[in-house]
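Numbering (full-length UniProt numbering), first residue to last: 1 to 87.
As structure tokens, this is what we get:
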């Protein structure tokens with residue numbers, strides 16, 4: 001399993017291509033679901049769909065996929081200036 005370059009973000013380590021592919025798959029699934037919500041929302045405020053619950057669904061889906069992606073990438077806490085150095 002080859003390691004790909006890490007993200008240029010503190011706390012993220014280099015990832016295998018399998019992990020990158022998995023998270024990209026999850027991002028595509030997330031986008032498909034969010035587009036379904038967009039279609040439901042674009043039909044305008046109507047009794048057909050409760051807009052408040054559509055917003056809740058969108059937020060919860062985004063949070064769920066973020067948690068799923070973090071489970072794969074496993075970002076760590078970062079050290080800040082002034083933190084003690086490990087021995």
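The C-beta atom is built at its ideal place from N, Cα and C for all residues, glycine as well.
{"Item": "CA-to-CA distance, residue 85 to residue 34, given in whole angstroms", "Value": "43 Å"}
{"Item": "Three-state secondary structure assigned by DSSP to residue 55", "Value": "helix"}
{"Item": "Close beta carbons around residue 61, own chain, < 6 Å, minus the five adjacent residues each side", "Value": "33"}
{"Item": "Extent of the continuous alpha helix (DSSP H) to which residue 33 belongs", "Value": "17-42"}
{"Item": "Exposure label - residue 63; buried when at least 16 CB within 10 Å", "Value": "exposed"}
{"Item": "Own chain partners of residue 40 with C-beta closer than 7 Å, once the 5 adjacent residues on each side are dropped", "Value": "49 and 54"}
{"Item": "Anticipated Cβ contact below 8 Å, residue 15 with residue 65, distance rounded", "Value": "The pair is not a contact, with the Cβ atoms about 17 Å apart (cut-off 8 Å)."}
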